[in-house]
Amino acid sequence: MSLFWRIFALNAVVLGAATALLLWAPVTVSVPVLLTEAIILVGGLVVMLVANAALLRLGLAPLGRLTKLMTTVDLLRPGQRLPASGGGEITEVIRTFNAMLERLEHERATSSARALLAQEAERRRIAQELHDEVGQSMTAILLELKRASDEAPPPLREQLHEVQEITRESLDEVRRLARRLRPGVLDDLGLVSALISLTEDFATHTGLQVTRRLDADLPVLEPETELVLYRVAQESMTNVARHADATQVTVALRHTDDRVVLAVTDDGCGVEAPREGAGIRGMRERALLIGGSLEITTAPDSGTRVQLTAPVSRKQP
């Protein structure tokens with residue numbers, strides 16, 4: 001039944017009941033209208049309006065649910081759908097909206113994948129240039145400074161030593177930036193070694209206590225899955241250092257059935273409703289890239305827990 005005929009039928013039922021009541025009920029209207037007659041008429045009108053409103057609300061309820069979903073839907077949280085059963089115009093609208101959501105989610109996932117892969121390729125290129133060009137140039141400068149300091153008189157030698165230390169610290173910073181842009185240990189030694197290196201570097205530069213709980217018997221993962229897990233851990237710890245006011249961070253990685261679960265938990269101030277900033281939305285896009293899901297909740301002992309659940313997509317060793 002179409003929406004027009006559904007509303008028409010509802011109103012016809014209400015008006016028909018009111019007409020039948022007037023025809024067969026022992027009620028008359030005097031001129032002028034008596035108080036008891038006015039009360040009966042007004043009461044009947046109220047009952048008719050209430051019944052009409054209730055029936056219309058029942059008939060148009062699917063449109064209300066559809067409107068609510070339209071205002072709250074987020075393409076980074078796929079799978080939000082409305083049940084569509086039966087026939088009629090409203091059901092067809094819901095089916096069309098569900099199909100549109102599915103198409104938009106697919107297009108968003110595809111475009112995000114292209115953007116993230118291009119971003120990683122650019123990071124790899126910049127990290128390679130930092131390592132090969134800038135790093136080698138600064139290493140050559142260090143060698144020249146050492147040679148010059150060995151031949152310089154004592155007053156100048158002390159100044160050259162200070163310049164050497166500044167250059168050496170700058171070289172270490174360049175290497176650290178290159179590792180953040182593209183961790184070579186991830187390609188060479190795997191995800192667990194890369195997370196160990198990441199947490200050690202994080203603890204050194206922030207002074208926070210880091211606890212690692214990493215399963216050693218992880219299955220062989222696709223490179224994209226390992227990279228997403230690494231980037232989510234990296235972004236989560238960066239958020240802890242910037243916003244959490246924490247003293248301790250726990251990084252856990254475990255394998256359950258056909259999934260790998262990464263959890264980064266801190267003991268900081270916690271969040272009730274985390275703001276979906278660029279960092280969090282970037283993590284959600286990375287999770288969608290590998291078919292995973294990201295959850296940000298309050299940790300049991302206050303603080304915040306970021307959990308990424310990724311399906312295991314095995315590759316040939």
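All the letters of the sequence shown, read from the start, carry residue numbers 1 to 317 under UniProt numbering.
All C-beta atoms, glycine included, are put in the ideal place defined by N, C-alpha and C.
Relative to the alpha-carbon of residue i, which residue among the options has its alpha-carbon at the smallest distance?
i, options, result
"I290", "V46, G43, D150 and T225", "T225"
"T297", "A310, R286, D267 and N98", "D267"
"E122", "R180, L308, N52 and I94", "R180"
"L227", "Q119, D150, A148 and L66", "Q119"
"L145", "L156, E133, Q164 and L130", "Q164"
"E92", "R114, L66, A109 and A113", "L66"
"L101", "R231, T71 and A246", "T71"
"Q209", "T247, A84 and L308", "T247"
"A244", "C269, V260 and L308", "C269"
"S293", "L34, L35 and P78", "P78"
"D257", "L10, D217, Y230 and G279", "D217"
"Q136", "R6, I94, P223 and R168", "R168"
"H131", "Q307, V192 and A178", "A178"
Identify the continuous beta strand (DSSP E) that holds residue i and give its terminal residues.
i, result
"Q159", "Segment P154 to L181 is the alpha helix (DSSP H) holding Q159; no beta strand (DSSP E) there."
"A310", "T304 to P311"
"L294", "S293 to T298"
For the alpha helix (DSSP H) holding residue i, just list the boundary residues, first then last.
i, result
"S111", "E89 to E129"
"I280", "A278 to L289"
"S149", "G135 to E151"
When the Cα atoms are used, what is the spatial distance from residue i to residue j?
i, j, result
"A287", "G303", "22 angstroms"
"L58", "Q234", "50 angstroms"
"M138", "I196", "28 angstroms"
"L221", "L117", "17 angstroms"
"P317", "L142", "Only weak support exists for where P317 lies, its pLDDT of 41 falling under 50; the coordinates are left without a value."
"P311", "E295", "15 angstroms"
"P153", "Q159", "10 angstroms"
"P32", "L45", "19 angstroms"
"R81", "A109", "17 angstroms"
"K315", "E162", "With a pLDDT of 47 at K315, under the threshold of 50, the predicted position of this residue should be treated as unreliable, though the coordinate-derived value follows. Taking the straight line joining both Cα atoms gives about 51 angstroms."
"R305", "D201", "21 angstroms"
"D172", "P183", "15 angstroms"
"T265", "T204", "18 angstroms"
"R231", "D150", "44 angstroms"
"R242", "A115", "26 angstroms"
"I40", "V13", "20 angstroms"
"S111", "A99", "18 angstroms"
"T19", "L63", "30 angstroms"
"T309", "A263", "9 angstroms"
"L69", "A61", "13 angstroms"
"R6", "V73", "28 angstroms"
"I166", "L186", "29 angstroms"
"A38", "A53", "22 angstroms"
Shorter than 7 angstroms, the distance from the beta carbon of residue i to the closest heavy atom of the ligand PLP, or not?
i, result
"M283", "With respect to the ligand PLP, the structure offers nothing, as it holds no ligand at all."
Residue ranges of each alpha helix (DSSP H) within the stretch 187 to 270, 4 or longer: Within the stretch 187 to 270, the complete alpha helix (DSSP H) runs of at least 4 residues fall at 191 to 206 and 223 to 239.
Are at least three pairs of beta-carbons, each pair with one atom in the stretch 244 to 263 and one in the stretch 197 to 217, less than 8 angstroms apart? Because the criterion of three Cβ pairs below 8 angstroms is met, the stretch 244 to 263 and the stretch 197 to 217 touch.
Could you tell me whether the stretch 124 to 143 touches the stretch 103 to 111, where touching means 3 or more Cβ pairs closer than 8 angstroms? They do not touch, by the three-pair rule.
Segment contact flag, the stretch 276 to 285 with the stretch 234 to 248, C-beta cutoff 8 angstroms, min 3 pairs: Touching, per the Cβ criterion.
In chain order, each beta strand (DSSP E) run of at least 3 residues that lies wholly inside the stretch 5 to 79: Complete beta strand (DSSP E) runs here, min 3: none at all.
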